[in-house]
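Numbering (UniProt numbering), first residue to last: 1 to 555. Quick reminder that beta carbons are idealized off the backbone N, C-alpha and C, glycines included. All values reported here derive from a predicted model rather than from experimental measurement. Here the structure is laid out as structure tokens; the discussion comes afterwards.
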Amino acid sequence: MTTLHPLVPQPDDMAIEHAQVLIVGAGPVGLFLALKLAQAGIDVLVVEAEKEVLQSPRATTYMPIVLQELEKVGLYHDVEQAGHKNHQGIVFRKPHAQGGQVLGRLEMSQVPKEAVKYDFAGIHLGQHVLAGIILAHCQRWKNIRIRWNCRFVGARQGPPSASASHPEDKGVPDPDGASASASASHPEGEGDPAPVTVPDGEDVSASHPESESGAGVSVICVGAQGERHFRCDYLVGADGAASAVRRSLCIPFDGFTWPDFRFVACNVHYDFEALGDFATANMVVDGEDWAVIARTGPAGAPWRVAFGVRTDVSEADILTRELPAKFERLFPGPRPLRYDLVSANPYWAHQRVARTFKVGRVLLCGDAGHSNNPIGGLGLTTGLLDSAALGNCLIRIYKNKHHQHHNDDHSHKPSQRESADDNHSPSRSPSHSQQESADDNHNPNQQESPDALLDRYARVRRDAWINFTNPQSIDFKLRLHSSDPDVERARAVFFHALNTDPEIHLKMASMMNEVVDDEFELVSERQTQTMSQAWTQTEAQTEAPSQPEGESNKG
């Protein structure tokens, strides 16, 4: 990387803020990771380029597979209270202008309650609301610091004497030019970080893997007061699809941008339920007027209306001409239509994945590592599972380092009393250290070096996106509006099965309830294979293609 400009003060001439883990991006993915790490006693610093939550329409649906991760860190109750449970499932229908015929239903009522942990298809809640909930929990922990209006510029790995650098000549532009980070909306956290005790009584906040080798990451950011310098053991890029962290590492973002449409996501107040008997989640199927219409929360919250427009339509025309015309063809109820448009956000949709999620001590998480079209709600779902997996890895690294230091500090020859106890009490319960040894033998993750464990995180989570999220989000998109004859035939078979075969409802509900275990080796190939198998069995009945004609994902 390039060196700092000579006129810029070097880091050793100014204050450097330290943290064990530095996360770029204060969206749900970054904040969730920060909370998970802080609860394990790890010192976390989050830097965010924005100053408040972005109100533009984003993710709205959180599947049960994510809800169980929210439960583990104490977020579920607040999310449940703020959101709307989807007990109905998903309805596929024609546009209102074509009669609004229901083509098929994924009905949770056909799924035995004892077969799944959650008897609903997910919780609907605006992404900015979720970010606010996680942020409120983060603010309860003194070992989480958040620096708002603080834009990541560059980083350098190595001893502290190595300066962070500007990556202007290394940038890899993203095709959509989207905002590089999500954000959350509370003033900057105050107070010095304090050690936090993990549930089993171990304080790991002083265990810095970099301390022995001089390894670590130096980071430079820019804020209202100029440049700020940071030092951390690990740097995590959770700063969205246009990730500045990913660009600074020159990691290719392989795949494609959908060439035939731009996605427009709107939040609008309109009573779809009363005026058109709409379910919580509705997929509108049509070659031209395809759309997703769904709740973003409980009564009083706006509905999400998302649709595609031709790529040659200007943004101004989208808002002044396309949007009113689309609403006229999509919305049920009397005319003239009366609705309150809260927000509208046109953007390009992608199917892209970073070539690697790890370079040394820098890791990618969420949309920084992958981007897919939003139909089906798999993007943020996958990102939050990334956070859960990465959090488990980092927690294990710090705990293992702490145990190693603890054992080194307390190593001694056994006393006569200890030897006698060991010789004459073979049936007594194992000591704490003996139990740890037994656990180590049982858990192969304990035998991995930090670098190997994080390499596995990068491979497993990238594979999860490639093998599950990517093909399924493509299939969701094609199911709504492809005019390819093979896709149309498969679509008809799929809807017939939804209306006649209860097994499909159970398979899809089971997939949404897949278990993600605490142990990282189980949040890996086995989970990905199980999820893929559930969907493959369903898709086999429809023979739906997993890629658009002529396109391929280069991941």
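Legend entry - Supposed close pair Q39, V73 - CB separation, criterion 8 Å: Confirmed, about 6 Å.
Inset, instruction - Give the single residue among V245, I466 and I220 whose Cα lies nearest to the Cα of G379. - result: Sorting V245, I466 and I220 by C-alpha distance to the C-alpha of G379 places I466 at the top.
Legend entry - Same chain, Cβ closer than 8 Å to F278, neighbours up to 5 away in sequence not counted: Within the same chain, and ignoring the five residues on either side of F278 in sequence, the residues whose Cβ sits closer than 8 Å to its Cβ are V91, F272, I293 and P332.
Legend entry - Euclidean distance between Cα positions of P57 and Y457: The alpha-carbon atoms of P57 and Y457 are separated by roughly 30 Å.
Legend entry - Unbroken stretches of the beta strand (DSSP E), 3 residues or longer, contained in the region 317-344: As far as the region 317-344 is concerned, it has no whole beta strand (DSSP E) run of at least 3 residues.
Inset, instruction - Look at the Cβ atom of A121, then the Cβ atom of P64, and state whether they are nearer than 9 Å. - result: Contact flag set, yes.
Inset, instruction - Would you mind working out which of R329, I251, Y347 and K358 sits nearest residue 564, comparing C-alpha positions? - result: This structure cannot speak to residue 564, because the chain is shown only from 1 to 555.
Legend entry - residue 557: first and last residue of the uninterrupted alpha helix (DSSP H) it sits in: Because residue 557 is not part of the residues shown, which for the chain are 1 to 555, the question remains open.
Inset, instruction - Could you check if N441 is buried or exposed, using at least 16 other CB atoms within 10 Å of its CB as the buried criterion? - result: Bear in mind that the predicted position of N441 carries a pLDDT of just 42, short of 50, making it unreliable; the figure below should be weighed with that in mind. N441 is exposed by the Cβ-count criterion.
Legend entry - Host beta strand (DSSP E) of E227 (start-end): G226 to G237 is the extent of the beta strand (DSSP E) around E227.
Inset, instruction - For N373, I'd like the list of residues in its chain whose CB is within less than 6 Å of its CB, leaving aside the five on either flank, ordered along the chain. - result: Around N373: A349, S473 and K477.
Inset, instruction - Report yes if the CB atom of G83 is closer than 9 Å to the CB atom of L106, and no otherwise. - result: Not in contact: G83 and L106 (Cβ atoms no closer than 9 Å).
Legend entry - Limits of the beta strand (DSSP E) - the one that H350 falls within: Run containing H350: H350 to A354, per the beta strand (DSSP E) assignment.
Legend entry - Beta-bridge pairing of L22 - partner residues as DSSP gives them: L45 and L235.
Legend entry - Terminal residues of the beta strand (DSSP E) in which A291 lies: Element bounds for A291: A291 to R295.
Inset, instruction - Using beta-carbon positions only, say whether D254 and A354 come within less than 9 Å of one another. - result: In this structure, D254 places its C-beta atom within 9 Å of the C-beta atom of A354.
Inset, instruction - Could you tell me the distance, in whole angstroms, from the CA atom of R321 to the CA atom of Y234? - result: Counting only the Cα atoms, Y234 lies some 48 Å from R321.
Inset, instruction - Helix, strand or coil for H84, going by three-state DSSP, please let me know. - result: In this structure, H84 counts as strand in the three-state DSSP scheme.
Legend entry - Where K358 sits in the DSSP three-state scheme: Here K358 sits in strand by DSSP.
Legend entry - Cα-Cα separation between C393 and H496, rounded to whole angstroms: Near 43 Å, if we compare the C-alpha coordinates of H496 and C393.
Legend entry - Bridge partner(s) assigned by DSSP for I146: DSSP output for I146 lists V46 as bridge partner(s).
Legend entry - Sequence-distant residues of its chain with Cβ nearer than 6 Å to V230 (five each side left out): Correcting the residue identity first, residue 230 is Phe in this sequence and not Val. Scanning its chain for C-beta atoms nearer than 6 Å, with the 5 sequence neighbours on each side dropped, one finds around F230 the residues E17, L22 and V219, in chain order.
Legend entry - Proximity of A238 and S387 at Cβ, strictly below 9 Å: Here A238 is near S387, since their CB atoms are less than 9 Å apart.
Inset, instruction - Look at the alpha carbon of A509 and the alpha carbon of R140, and state the distance between them as a whole number of angstroms. - result: Their Cα atoms are separated by approximately 35 Å.
Inset, instruction - Take E376 as the anchor and find which of G276, T60, R329 and R147 has the nearest alpha-carbon. - result: This sequence places Gly at residue 376; Glu is not what is there. Ranking G276, T60, R329 and R147 by Cα distance to G376 puts T60 first.
Legend entry - Reduced DSSP secondary structure (H/G/I, E/B, other) of E17: E17: strand per DSSP, three-state reduction.
Legend entry - Residues near G104 in its chain [Cβ-Cβ closer than 6 Å; skip 5 each side]: Take G104, set aside five residues on each side of it, and the residues of its chain with a beta-carbon closer than 6 Å to its own are F92, F495, L498 and N499, in chain order.
Inset, instruction - Could you tell me which residues DSSP puts in a beta bridge with S371? - result: Answer is R352, bridged to S371.
Legend entry - Bounding residues of the beta strand (DSSP E) (the contiguous stretch that carries M283): M283 -> beta strand (DSSP E) spans A281 to V284.
Legend entry - Proximity winner among Y118, I146, A131 and H128, relative to V47 (alpha-carbon distances): The shortest CA-to-CA distance from V47 to any of Y118, I146, A131 and H128 is the one to I146.
Inset, instruction - Please say whether R459 and F357 have beta carbons closer to each other than 9 Å? - result: The beta carbons of F357 and R459 sit closer together than 9 Å.
Inset, instruction - Grab the span of the alpha helix (DSSP H) containing G132 for me, first residue to last. - result: Residues Q127 to C138.
Inset, instruction - Return the residue from the list I395, L480 and A265 that minimises the CA-CA distance to D43. - result: Residue nearest to D43 within the set I395, L480 and A265 is I395 (criterion: CA-CA distance).
Legend entry - Pick from L125, L385, I133 and H77 that is closest to R304, judged by C-alpha positions: For the residues L125, L385, I133 and H77, the minimum Cα distance to R304 belongs to L125.
Inset, instruction - Name the two residues that bound the continuous alpha helix (DSSP H) containing L70. - result: It spans P64 to K72 - the alpha helix (DSSP H) in which L70 sits, taken as one unbroken run.
Legend entry - F495 in three-state terms, based on DSSP: It is helical.
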